[in-house]
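Worksheet: one structure, shown below.
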Amino acid sequence: MDRPRRVGSAQRAFAGASLLAVTLLPVPARADLRMCNQTASKVGIALGYRDPQGWVTEGWWDVAPKVCETLLKGSLAARFYYVYAVDYTRGGEWNGRSLMCTKDREFTIRGVEDCLARGLDRNGFYEVDTGEQKSWTIQLTDPNQPVAPTP
């Protein structure tokens, strides 16, 4: 039968110092593109960007109300990203002037030309300038809601 062992004060001090050292180790910074849905609605997100092979649009990410989600993991590959969002709860959308291809279901589409001729939908995306940062968080807000600062 195993009996409980008594731990001396030196062992406790060493264990405490070891735990402290582990918690103070540098943690690599996450470099992702994130979307924070600051609305009271569930939203669908489509994203457009340019990579070395040309234009790409991807969707859909479903983002719950008051939640942040990672859309793309790793360092950003582009300075400009384009967003089209749909309010699943109350209807409506967040859009812009940059026309890109989408589909009703999950998609990754190469190219932004001839969307309708290719059997795709075409929507206007709004531009997000990341300023060549390695990571970025987009805040999606209601039109009448002030934007909260991002730390």
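All residue numbers for the sequence shown refer to our numbering, where the first residue is -17 and numbers rise by one. We put the CB at the ideal spot given by N, CA and C, even for glycine.
Check your understanding: Distance, Cα to Cα, ALA67 vs PRO34?
Key -> 25 Å
**Study point:** Burial state of ALA99 (16 or more Cβ within 10 Å)
**Key:** Flag for ALA99 reads exposed.
Practice item. Report yes or no: do the stretch 21 to 36 and the stretch 94 to 109 share at least 3 C-beta pairs separated by less than 8 Å? Key: yes
Check your understanding: Apart from the five residues just before and just after ILE120, which ones in its own chain have a Cβ nearer than 6 Å to its Cβ?
Key -> MET17 and VAL110
Practice item. Tell me where the beta strand (DSSP E) around SER80 begins and ends. Key: Element bounds for SER80: 80 to 84.
Review point. Quick one: is THR90 buried, meaning 16 or more other Cβ sit within 10 Å of its Cβ, or exposed?
Key: exposed
Check your understanding: Closest by CA to VAL72, which one among THR123, ALA22 and LEU15?
Key -> Note on residue identity: the sequence assigns Arg, not Val, to residue 72. Measuring from the Cα of ARG72, the nearest candidate turns out to be ALA22.
Point to revise | LYS116 to LEU58 span [Cα, whole Å] | key: 5 Å
Exercise for review: In angstroms with no decimal places, state the Cα-to-Cα distance between ARG79 and GLU95.
Suggested key: Taking the straight line from one Cα to the other gives about 14 Å.
Check your understanding: If we ignore side chains and look at the alpha-carbon of each, how far apart do THR52 and THR39 end up?
Key -> 16 Å
Practice item. Please work out which residues of its chain come closer than 8 Å, Cβ to Cβ, to ALA60, disregarding the five sequence neighbours upstream and downstream, and give them in chain order. Key: TYR31, ARG32, ASP33 and THR112
Exercise for review: Please state if the CB of TYR63 and the CB of LEU15 are separated by a distance shorter than 9 Å.
Suggested key: yes
Point to revise | Per-residue DSSP class, three states only, for VAL28 | key: Correcting the residue type first, residue 28 is Ala in the shown sequence and not Val. It is a strand residue.
Check your understanding: So what's GLN121 in DSSP terms, helix, strand or just coil?
Key -> strand
Check your understanding: Should GLY41 and GLU88 be called a contact, given that it needs their Cβ atoms to be closer than 9 Å?
Key -> yes
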